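Following: one structure in structure tokens, then a few remarks.
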Amino acid sequence: MKTLLKIIFVLTISIQIQAQERLITGKVTAADDNSPIPGVTIVIKGTSTGVTTNFDGLYQIKANNTDVLVFSFVGYKTEEKLVGKLNTISVALEADVSRLEEVVVVGYGTQRRRHVTGAVTHVSASQIKKNKQEAYHKKLANQMQHHSVSNPLQGKIAGVAITNGTGNSGSNTHIVIRGTSTISKNSEPLVVVDGKIKPYNVVESINPKQINDITVLKDSNATAIYGNRANNGVIIISTKNNDDTSKEPLYIVDGVPIKKEHNYIIKNLPESDIEYKTSYGKTEAKDKFGKIAKDGCVVITTHQGNFRLNNQESYAVIEENAFERTSLAPLSTFSIDVDKASYSNIRRMINNGIAIEPDAVKIEEMINYFDYNYPQPTDEHPFSINTEVAKTPWNNTTKIVKIGLQGKTYDNEELPASNLTFLIDVSGSMSSQNKLPLLKSAFKLLVNQLRDQDRVSIVVYAGAAGVVLEPTSGKHKEKIISALDNLNSGGSTAGGAGILLAYKLAEENFKKKRNNRVILATDGDFNVGTSSDKAMETLIEEKRKSGVFLSVLGFGYGNYKDSKLEILADKGNGNHAYIDNMQEAQKVFGKEFGGTLFTIAKDVKIQIEFNPNKVQAYRLIGYENRMLEDEDFIDDTKDAGELGSGHTVTALYEVIPVGVDSHYLKDVSDLKYAKTEVTKAYSDELFTVKFRYKKPDADKSIEMVHVQKDVVSEASKDLEFASAVALFGMQLRHSKYHNNSKIEDVIALAKSGRDNDKDGYKSEFMRLVSSYQNL
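Per our numbering, residue -7 is the first one in the sequence shown, and the count goes up by one each step.
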């Protein structure tokens, strides 16, 4: 009887507890502008139960009265709310500037044709402001710098910590610069005050109110300017007492003007780094470069040709495709591109109010970020072909051509077993919240989708590389996640050594008919051993012969090396994504799991031949870094892009019909020897497009041919939206081909073409464009 009473008592308590659990709903917004924040994580404190907000910032979660909800999102302060008797809990998150990496570095890139860009962050007594400098010269006009000023140093710049040695008043100040050893009595940073090297302890004697500007240099960026004495970093301080720069000449280094308060950095450039140096007197300088150079000008060209006083993000130079006359260049040949990194990177820049470097804008990656309503393939080929012709939305005298591919979609259960090697950067540059911590959360999404037959290994690299998890079945998710949780950042970045070790491990565990793949996650800031873009290209071209594919995931900003990661993905038979938040991680590892990890066709090339009876000239929008020589199309040794399960690829051409007078076309002389007559046959055809691809484990290509008739139709929803994205990309790149269109044109076109948007990505694009409009 007593036992029965106990059971009844326990059941009663359980029922009461369950009765207290109920559905809590709410909305998460940004405190500064009340805009909804998608992707915010809401977790019941002390448990693993959690949800994320949707694109409208809304969420719902089951919780009890005594539960505490924890709201967190990268770049915002974490909030905790007790459920209590509330059924609706809405939160306004405040921006957390200290969690964003703002350390400024100075130095050189690794290739002549590379730009590094972004806003230079200073620590100043004044409030934040942004402005464009005047144009110094016609040749320099497109390289104007955007400068911003940040908050005071103490507690505000991630990567720099100022603490009291003992915590007691009067004890010595200790400064830690991320990426270097802790600064102490025996490992002090170099201190430069008003252009002069000072003893380290002078920092403690400077009145903060007298500080105009502080710049922090670290790693090779410090030693490149100040030599070995800067091994522990450099703290450069400019005070209000320093008026010496007011009458100094303007310095222009590698085409970029330098703010006068940073002249002391240029003066310390080693002579061995300078190729040419020309000085202009006041009158000549003012006439040549404008009143900004009224005190004279010194123009310097370095041997490497790309010195930048910036945050060292690196992007490959893009020379925009121009119109080609069909009579002179009948063929257009390029590799497909399924990378989507550019769009999420641009989204991050706009959301953070950062000036957008034109070379960061890859229009094809923006277009291919979105899904389109292409049908699944119905024949033996792994993708369907879809073409369309309509009037160009931004130019009534031209036509727009769409070529779309739809890769066959497989359910996860149909996909072959995977041998995955996670290659994770744990160097000091990965310590900020939007790098290693975000990376761990992203990879857990992937781990939770693994099947028992899948295998995972983990290789990490910092100053050296090492294996932290031998091949482990997807059945043991807790073990894999535990290995991820134990990762910490610190040290330099031996990326080349990490790649070698990861491929070695992947090759040792290589299984035919399986998905053998290395997944590299990094900011791309390699600085030890093999590290240049060219060296990485050579290394990865050799390793792809092993049959191991490569996926590259970029994280963070400030020192993000897009150019390097793009090369690794392109040459490693893989794809490249940029993950700026958990929303993007969910897209890459959740919604697009199959496409991210499983290749269904490799070395996919496209060659289009326009009918010269119909098309006077054509221009491929985007794909500048994917162009191939015409003869490469049938050369099976030439590398090209990979297509994953469910991937869509879209390419847009703008064509000028025969008989249209266009200012984009210049007259050319008649040819004397070559015949330019065109055949009158195929008079009803606009173009013929050919495709070549290989099966994932094959070396011989398969060719497909598709003919498009000269029929102009009303633009589909897909074409309207893709055109809106392309137009926005052209505006961001300051293209001469967007025909003086406005942001309002982009929004109207996107609104008209918004369709099949169950995940809200197209709606997010419209909000992003509106945000850019208001910057």
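For each residue, glycine too, the CB sits at the ideal point set by N, CA and C.
Just so you know, these numbers come straight off a predicted model, no measurement behind them.
DSSP-derived helix/strand/coil call for LEU760: Sequence index remark: in the sequence shown, residue 760 carries index 768 (1-based). Looking at LEU760 - three-state DSSP - the assignment turns out to be helix.
Cα-Cα separation, THR70 to ALA84: The count along the sequence shown starts at 1 and reaches residue 70 at position 78. The count along the sequence shown starts at 1 and reaches residue 84 at position 92. About 10 Å.
For GLY566 and SER543, believed in contact at Cβ under 8 Å, the rounded distance: What you label residue 543 is simply residue 551 of the sequence shown in a count that begins at 1. What you label residue 566 is simply residue 574 of the sequence shown in a count that begins at 1. With a beta-carbon spacing of about 5 Å, SER543 and GLY566 fall inside the 8 Å limit used to define contacts.
Proximal residues to SER705 (C-beta, below 8 Å), its chain only, five neighbours per side dropped: Residue numbering aside, residue 705 sits at position 713 when the sequence shown is read from its first letter. The residues are GLU380, VAL381, ALA382.
Reduced DSSP category for ARG536 - H, G, I as helix; E, B as strand; rest coil: Residue numbering aside, residue 536 sits at position 544 when the sequence shown is read from its first letter. Reduced to three states, the DSSP call for ARG536 is helix.
Inter-residue spacing [alpha-carbon to alpha-carbon] between ILE34 and LYS556: Here residue 34 refers to the residue found at position 42 when the sequence shown is read from its first residue. Here residue 556 refers to the residue found at position 564 when the sequence shown is read from its first residue. ILE34 and LYS556 have their alpha carbons spaced roughly 35 Å apart.
Contact the stretch 593 to 602 vs the stretch 357 to 372: 3+ CB pairs below 8 Å: Cβ pair count under 8 Å is below three, so no.
Proximity to VAL650 [Cα-Cα], best of GLY633, ILE416, GLU500, PHE602: Residue numbering aside, residue 650 sits at position 658 when the sequence shown is read from its first letter. Distances from the CA of VAL650 to each of GLY633, ILE416, GLU500, PHE602 were compared; the closest alpha carbon is that of PHE602.
Distance, LEU589 Cα to VAL330 Cα: Your numbering for residue 330 matches position 338 in the sequence shown. Your numbering for residue 589 matches position 597 in the sequence shown. Answer to the nearest angstrom: the Cα atoms are 12 Å apart.
Three-state secondary structure (DSSP) of TYR402: Numbered from its first residue, the sequence shown carries residue 402 at position 410. TYR402 falls in the coil class under three-state DSSP.
Contact with chain C by ALA643, beta-carbon distance below 8 Å: Any reference to chain C falls outside this structure, which holds one protein chain only.
For THR370, three-class secondary structure by DSSP: Within the sequence shown, residue 370 is the residue found at index 378, counting from 1. Coil.
When LYS701, VAL540, ILE328, SER327 are compared against SER410, the one with the closest alpha-carbon: One-based indexing of the sequence shown puts residue 410 at position 418. Shortest Cα-Cα distance from SER410 to any of LYS701, VAL540, ILE328, SER327 involves VAL540.
Own chain residues within Cβ distance below 6 Å of LEU493, not counting five before or after: In the sequence shown, counting from the first residue as 1, residue 493 sits at position 501. In the same chain as LEU493, and ignoring 5 residues on each side of it, the C-beta atoms closer than 6 Å to its own belong to VAL451, ALA457, in chain order.
Three-state secondary structure assigned by DSSP to TYR335: The residue you call residue 335 lines up with position 343 of the sequence shown. Note: TYR335 maps to helix in three-state DSSP.
SER715 vs LEU644 beta-carbon contact at 8 Å: Translated into positions along the sequence shown, residue 715 becomes position 723. Translated into positions along the sequence shown, residue 644 becomes position 652. Yes.
Per-residue DSSP class, three states only, for GLU558: Numbered from 1 along the sequence shown, position 566 holds the residue referred to as residue 558. If DSSP states are grouped into helix, strand and coil, GLU558 belongs with the helices.
Identity of the residues DSSP links to HIS698 by a beta bridge: What you label residue 698 is simply residue 706 of the sequence shown in a count that begins at 1. The secondary-structure analysis by DSSP pairs HIS698 across a beta bridge with VAL681.
Residue closest to ASP515, alpha-carbon to alpha-carbon, out of LEU428, LYS504, GLU529, ARG536: In the sequence shown, residue 515 corresponds to position 523, counting from 1. For ASP515, the closest alpha carbon among the candidates LEU428, LYS504, GLU529, ARG536 is that of LEU428.
Spatial neighbours of ASN295 in its chain, beta-carbon cut-off 7 Å, leaving aside the 5 residues before and after: On the sequence shown, residue 295 is found 303 positions in, with the first residue counted as 1. Note that residue 295 is His in the sequence shown, not Asn. In its chain, beyond the 5 residues on either side, ASP265, GLU267 have a beta carbon closer than 7 Å to the beta carbon of HIS295.
Option in LYS469, GLY49, GLU646 with minimal Cα separation from ASN440: As a first step, residue 440 must be located in the sequence shown, where it is residue number 448. Nearest of LYS469, GLY49, GLU646 to ASN440, Cα basis: LYS469.
Beta-carbon spacing of THR680, VAL697 below 8 Å: The residue you call residue 680 lines up with position 688 of the sequence shown. The residue you call residue 697 lines up with position 705 of the sequence shown. Yes, the pair counts as a contact, with Cβ atoms nearer than the cut-off.
Sequence-distant residues of its chain with Cβ nearer than 6 Å to ARG317 (five each side left out): Along the sequence shown, read from residue 1 onward, the residue named residue 317 stands at position 325. So the list reads ALA609, once near-sequence residues are dropped.
DSSP bridge partner residues for THR464 (one or two, in chain order): In the sequence shown, counting from the first residue as 1, residue 464 sits at position 472. Per DSSP, VAL448.
Collapsed DSSP secondary structure at GLY745 in the structure displayed: Walking along the sequence shown from the start, residue 745 turns up at place 753. Note: GLY745 maps to helix in three-state DSSP.
Straight-line Cα distance separating SER423 from ARG91: Translated into the one-based positions of the sequence shown, residue 91 becomes position 99. Translated into the one-based positions of the sequence shown, residue 423 becomes position 431. Bear in mind that the predicted position of ARG91 carries a pLDDT of just 39, short of 50, making it too unreliable to give a figure here.
Residue environment, GLU736, which counts as buried when at least 16 other CB atoms sit within 10 Å: By one-based count along the sequence shown, residue 736 stands at place 744. Counting the other Cβ atoms within 10 Å of the Cβ of GLU736 gives fewer than 16, which makes it exposed.
ASP710 in three-state terms, based on DSSP: Here residue 710 refers to the residue found at position 718 of the sequence shown. Three-state result, ASP710: helix.
PHE281, buried or exposed, once every other Cβ within 10 Å from all chains shown has been counted against 16: As a position in the sequence shown, residue 281 is number 289, starting the count at 1. With 16 or more other Cβ atoms from the protein chains shown falling within 10 Å of its own Cβ, PHE281 counts as buried.
Close Cβ partners of THR389 (< 6 Å) along its chain, the five nearest in sequence each way excluded: Residue 389 sits at position 397 when you count from the first residue of the sequence shown. Sequence-distant Cβ neighbours of THR389 in its own chain, meaning closer than 6 Å and more than five residues away, are VAL652.
Cutoff 8 Å; reference ASP477; Cβ partners in own chain excluding five residues on either side: In the sequence shown, counting from the first residue as 1, residue 477 sits at position 485. LYS432, listed in sequence order.
First through last residue of the alpha helix (DSSP H) which encompasses GLY487: Within the sequence shown, numbered from 1, the residue matching residue 487 stands at position 495. Taken as a continuous stretch (DSSP letters only), the alpha helix (DSSP H) holding GLY487 covers 487 to 500.
Nearest residue (CA-CA) to GLY399, options ASP702, THR80, THR640, LEU50: Within the sequence shown, numbered from 1, the residue matching residue 399 stands at position 407. Ranked by Cα distance from GLY399, the options ASP702, THR80, THR640, LEU50 are led by THR640.
Neighbourhood of GLY721 by C-beta distance below 6 Å, restricted to the same chain and skipping five residues each side: Locating residue 721 in the sequence shown gives position 729, counting from the first residue. The beta carbon of GLY721 is closer than 6 Å to those of VAL353, ILE355, MET358 in its chain, skipping five residues each way along the sequence.
Beta-carbon gap between LEU412 and ASP446 smaller than 8 Å: Taking the first residue of the sequence shown as 1, we reach residue 412 at position 420. Taking the first residue of the sequence shown as 1, we reach residue 446 at position 454. In contact: LEU412 and ASP446 (Cβ atoms closer than 8 Å).
Rounded C-alpha distance that separates ASP315 from ASN480: In the sequence shown, the residue the question calls residue 315 occupies position 323. In the sequence shown, the residue the question calls residue 480 occupies position 488. Checking the sequence shown, residue 315 turns out to be Phe, not Asp. Going from the Cα of PHE315 to the Cα of ASN480 covers about 50 Å.
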